[in-house]
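Quick notes on the structure that follows.
In my numbering, the protein residues as written are 18 to 147.
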């Protein structure tokens, strides 16, 4: 599983395809986020307030176009019972990966932002009712 230092930035062809979806600082981090996306996984840790971080493995399907759907799966603590999935467009998912890169560059753990977890848990809760 890649660590931040192991991520190779995506090539210009891929970056150009996604660049119109992002502005400013996000666009500057896009090559690294796309490089992470193309690897299809990473190990992260979810920070829990006043508790120990929970490790997880994030995996997803890799495709080329920003408007295509990808399914991201998070498995927490190596437990099949703690596995969650969410579908979203590649452009939205890569936006979350940009946040992962930004946070990791700040010296913190590789982790998705709060908005990603809200989407993940909302989708998982809705699916459990079906």
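Even glycine gets a Cβ: it sits at the ideal position worked out from N, Cα and C.
Remember, predicted model here, so these are calculated numbers, not experimental data.
Identity of the residue in the options nearest residue i by Cα
| i | options | result |
| --- | --- | --- |
| residue 59 | 38, 127, 120 | 127 |
| residue 21 | 135, 118, 138, 137 | 118 |
| residue 96 | 34, 74, 39 | 74 |
| residue 137 | 53, 52, 120, 93 | 93 |
| residue 149 | 55, 124, 82 | Beyond the ends of the chain as shown, which are 18 and 147, falls residue 149; an answer cannot be given. |
| residue 133 | 35, 109, 57 | 109 |
| residue 77 | 26, 42, 55, 135 | 55 |
| residue 131 | 63, 98, 79 | 63 |
| residue 52 | 40, 23, 69, 41 | 23 |
Residue i versus residue j - alpha carbon distance
| i | j | result |
| --- | --- | --- |
| residue 113 | residue 129 | 6 Å |
| residue 146 | residue 29 | With a pLDDT of only 41 at residue 146, under 50, the local geometry of the prediction cannot be trusted, and the value read off the model is given with reservation. Near 43 Å, if we compare the C-alpha coordinates of residue 29 and residue 146. |
| residue 71 | residue 65 | 7 Å |
| residue 148 | residue 61 | Residue 148 cannot be examined here, being either before or after the span of the chain that is shown, 18 to 147. |
| residue 139 | residue 125 | 26 Å |
| residue 18 | residue 35 | Bear in mind that the predicted position of residue 18 carries a pLDDT of just 48, short of 50, making it too unreliable to give a figure here. |
| residue 42 | residue 91 | 26 Å |
Endpoints, the alpha helix (DSSP H) within which residue i is located
| i | result |
| --- | --- |
| residue 3 | There is no way to answer for residue 3, as the model of the chain reaches only from 18 to 147. |
| residue 35 | 29–35 |
| residue 74 | Where residue 74 is concerned, there is no enclosing alpha helix (DSSP H), although the beta strand (DSSP E) it sits in stretches over 71–77. |
| residue 109 | 107–122 |
Residues bridged to residue i [DSSP beta-bridge criterion]
| i | result |
| --- | --- |
| residue 102 | 90 |
Endpoints, beta strand (DSSP E) assigned at residue i
| i | result |
| --- | --- |
| residue 61 | 58–63 |
Exercise for the section: Evaluate contact between the stretch 114–126 and the stretch 43–60, counting only Cβ atoms and requiring at least three cross-stretch pairs below 8 Å. Expected result: yes
Practice task
Determine, using beta-carbon pairs with one atom in the stretch 79–91 and one in the stretch 103–111, whether at least three such pairs fall under 8 Å.
Solution key: yes
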